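To start, the structure itself, in structure tokens.
Number of protein chains: 2
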Amino acid sequence: MNTKLKWLREKIKMLDMQGMMVTNPVNIRYLTGIVAEGILLITRKENIYLTDSRYIEEVNSILTIDDGIIVHEFKDFSKDEYENFFLFCENVGFEEEYVTYAKYKQYMHQYKINNLQETEKIIEKQRMIKDEEEIEKITKACEITDQCFNHLLEFIKVGQTEKEIALEIERFFKTHGAEGNSFEPIVASGKNSSKPHAVPTDKKVDLGDPITIDMGCIYQGYCSDMTRTIFVGYVPEQIKEIYDLVLKNQCQTEKELKEGMSIKILSRMVENDFQLHGYDLVHSLGHGVGLDIHEYPFLSGKNDNLLKANMVVTNEPRYLSSWKIWCTY
Amino acid sequence: MNTKLKWLREKIKMLDMQGMMVTNPVNIRYLTGIVAEGILLITRKENIYLTDSRYIEEVNSILTIDDGIIVHEFKDFSKDEYENFFLFCENVGFEEEYVTYAKYKQYMHQYKINNLQETEKIIEKQRMIKDEEEIEKITKACEITDQCFNHLLEFIKVGQTEKEIALEIERFFKTHGAEGNSFEPIVASGKNSSKPHAVPTDKKVDLGDPITIDMGCIYQGYCSDMTRTIFVGYVPEQIKEIYDLVLKNQCQTEKELKEGMSIKILSRMVENDFQLHGYDLVHSLGHGVGLDIHEYPFLSGKNDNLLKANMVVTNEPRYLSSWKIWCTY
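If you're matching them up, the sequences are chains G and E in order. Per numbering that gives the first Met the number 0, the very first residue in the first sequence carries number 0; after that it's consecutive. Per numbering that gives the first Met the number 0, the very first residue in the second sequence carries number 0; after that it's consecutive.
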């Protein structure tokens, strides 16, 4: 059985559960590599993946005997057989933050489960610590994003629209080995760069404009997330001070990103330095990145946890102002 | 108060509910025009939209007094005030197919609701019948898609990859008034055109290839969905027969798409004609289109309802084979 499934079986045993229904497709991909529509059942005897005829061939081509997962079609089972999956199971875990109320009721009825037990994102929390293969994929996604940024420095010219630049980002990703954007890119120039969730517009890039670019790609399921602020032609005097403040904090944070560091202290350090200079930190300092673009851990002053080895997080100090500057990775 | 909210208040009254929590953002957009993160509360006295500080300004700029909606920030209210929203309400409706089990529990606790009652997609069902403004927007989305198709007929050349064509589709939409794709376009050429959910690849388009293009855009929130099969250079002899069969069925269906027509009979007519010629109909004959790319009604042999005036549906007969031909609108 693969390492991640072994971990899950151990974990639910510790939590006094005799089985689990995994339904969030991102968690299923993490545990099995499967990208399809279906449900993973961790039962007392077996790990079972249920799907429909559209995906059977692809799923079977991904899994090996070592994965320890048996694949079936939903329609293979009778009413009785569904009710037998979790026979003699007192508590069966489910993903209460993913499953709708309607599905919860359906599962209770269809599988005749004694107690569907909340699992409090155990899999999402485990996903914080990346293994070697995951780190390789995220690194590759970051490399493609770096290449894209270098390409943009050549590509962007006065008179281009934000939309044109955003489309070029996606084109670059899709033609350089990535599956596509990990989120809709933000390209915000001039005054638009102050909008928190700016959508690229038909505004043309002008001399002296700061351009905030927030972009990322997906490589084999794993995301990158990069923000850079660049300037067209020259850097306006009034922006230099704040740009340098943000950059200093980003560099400082990078040095402190190590095992055992308190997330709260890390975040407060930036908050304090910003406030000392009369600015406020926007949102949080960063977030985990992996199969989801935003995942655990969230780097904020309210997080009481410590950083651990092999976490992957963004480092994105930014301040609140009508001219927001991000210089993050 | 706007017509749609008036309808909803009447509807829940009929269902013996004294209030409703609307949480699906697509339903909120339908009822109010608001595009943001928040919750719409239909209470006994008022319609209240709760959101956070990021959206307040934008939401207030959209709504007018006529909408009859009061906007507040989540943080404006104390624990007691949350519990008062649905005071003296016996039954409060919620969207059981959208709300997660965790949120359901949170709402029960936070709003101290006596009975959160399932509403069985009442809003989604109402969305089947489009008003004039909605039809205008869908028409506009279809027009942009038509223009894109005409553009592609000029654009596509032997040697281009499926990916390049898919990127051109998105570029065209985004630079011709649409917000973007309503779904990731399918561009499947040659043997790839047999895959049910083909992702555009690096395969180059070759002479004699059929190219299946399934694409759509979003205009002011409303979707279009168009599939066409074209041929590069010439039409291979073996495909002509099935192409004509599919086209005949599409034209026939178009004639029958009118008020009072049985969806089941409509679908069975195509199924039967396909079977008569030795083919099977894939999935269903079509589906509703609106704020969602797939919505009610679903045109299948299992749907017992009749077509009504101002429904908007796709007409997409296609058959199951290693060479799938779609010629749909």
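Backbone N, C-alpha and C define an ideal beta-carbon position, used for all residues, glycine too. Bear in mind the structure is a predicted one, so any value in this text is a computation, not a measurement.
If the five residues before and after G92 (chain G) are omitted, its C-beta is found closer than 6 Å to the C-beta atoms of I11, M16, M19, Q116 and T118, all from its own chain and listed in chain order. Less than 8 Å separates the beta-carbon of K129 (chain E) from that of N309 (chain E).
Residue ranges of uninterrupted alpha helix (DSSP H) with 4 or more members, entirely inside the segment 18-87 of chain E and ordered along the chain, are 24-31, 52-61 and 78-83.
Nearest CB-CB separation between K239 (chain E) and chain G: not below the 8 Å threshold.
Taken in chain order, the whole beta strand (DSSP E) runs of length 3 or more contained in the segment 225-258 of chain E are 225-230. In the DSSP annotation of this structure, the continuous segment of the alpha helix (DSSP H) that includes Y100 (chain E) starts and ends at Y100 to Q109. If one requires a minimum length of 3 residues, the beta strand (DSSP E) runs lying completely within the segment 124-197 of chain G are 185-188, in chain order.
For Y242 (chain G), not one C-beta of chain E is nearer than 8 Å to its own C-beta.
Taking CB atoms only, E96 (chain E) has a neighbour in chain G less than 8 Å away. Here L40 (chain E) is near L49 (chain E), since their CB atoms are less than 8 Å apart.
In the displayed model, Q274 (chain G) falls within a helix according to three-state DSSP. Nearest to A197 (chain G) by alpha-carbon distance, out of G:S223, G:E161 and G:E133, is G:E161. The shortest C-alpha to C-alpha distance from G158 (chain G) to any of G:S181, G:M214, G:S188 and G:H150 is the one to G:S188. Y103 (chain G) belongs to the set of residues whose beta carbon lies under 8 Å from a beta carbon in chain E. Interface annotation for the segment 156-170 of chain G against chain E: T160, K162, E163, A165, L166, E169 and R170, criterion Cβ-Cβ distance under 9 Å. If you draw a 10 Å sphere on the C-beta of T211 (chain E), you find 16 or more other C-beta atoms in it, and that means buried. The alpha-carbon separation between M107 (chain G) and Y103 (chain E) amounts to approximately 16 Å.
Listed in chain order, the non-local C-beta contacts of N180 (chain G) below 8 Å within the same chain comprise I168, E169, F172, M214, G215, C216 and I217, local neighbours out to five positions each way being set aside. Its Cα nearest to that of T228 (chain G), the residue G:E315 stands out among G:F182, G:E294, G:H276 and G:E315. In the DSSP annotation of this structure, T2 (chain E) is not part of any beta strand (DSSP E); the continuous alpha helix (DSSP H) holding it starts and ends at T2 to M13. At a cut-off of 8 Å between beta-carbon atoms, K173 (chain E) makes contact with chain G. Under the three-state reduction of DSSP output, I292 (chain E) falls in the coil class, being neither helix nor strand. A direct Cα-to-Cα measurement between Q105 (chain E) and C88 (chain E) gives close to 18 Å.
The C-beta of C141 (chain E) has 16 or more other C-beta atoms within 10 Å across all chains shown, which makes the residue buried.
By the Cβ-count criterion, P296 (chain E) is buried, with 16 or more other Cβ atoms from all chains shown falling within 10 Å of its own Cβ. When the beta-carbon positions are compared, G285 (chain E) and L275 (chain E) stay at least 8 Å from each other. Residue-level contact by beta carbon holds for T99 (chain E) and chain G, with a gap shorter than 8 Å. The straight-line gap separating the alpha-carbon atoms of N304 (chain E) and M268 (chain E) is approximately 16 Å. In this structure, the beta-carbon distance from V25 (chain E) to D291 (chain E) falls below 8 Å. No Cβ-Cβ contact shorter than 8 Å links G232 (chain G) with L265 (chain G). In the same chain as S52 (chain E), and ignoring 5 residues on each side of it, the C-beta atoms closer than 7 Å to its own belong to E72, in chain order. The residue among G:G289, G:Y110, G:D279 and G:N271 with its C-alpha nearest the C-alpha of Q219 (chain G) is G:G289.
With contacts defined by Cβ atoms closer than 8 Å, E258 (chain E) and K202 (chain E) do not form a contacting pair.
P235 (chain E) counts as exposed, since fewer than 16 other beta carbons sit within 10 angstroms of its beta carbon. With contacts defined by Cβ atoms closer than 8 Å, F76 (chain G) and Y110 (chain G) do not form a contacting pair.
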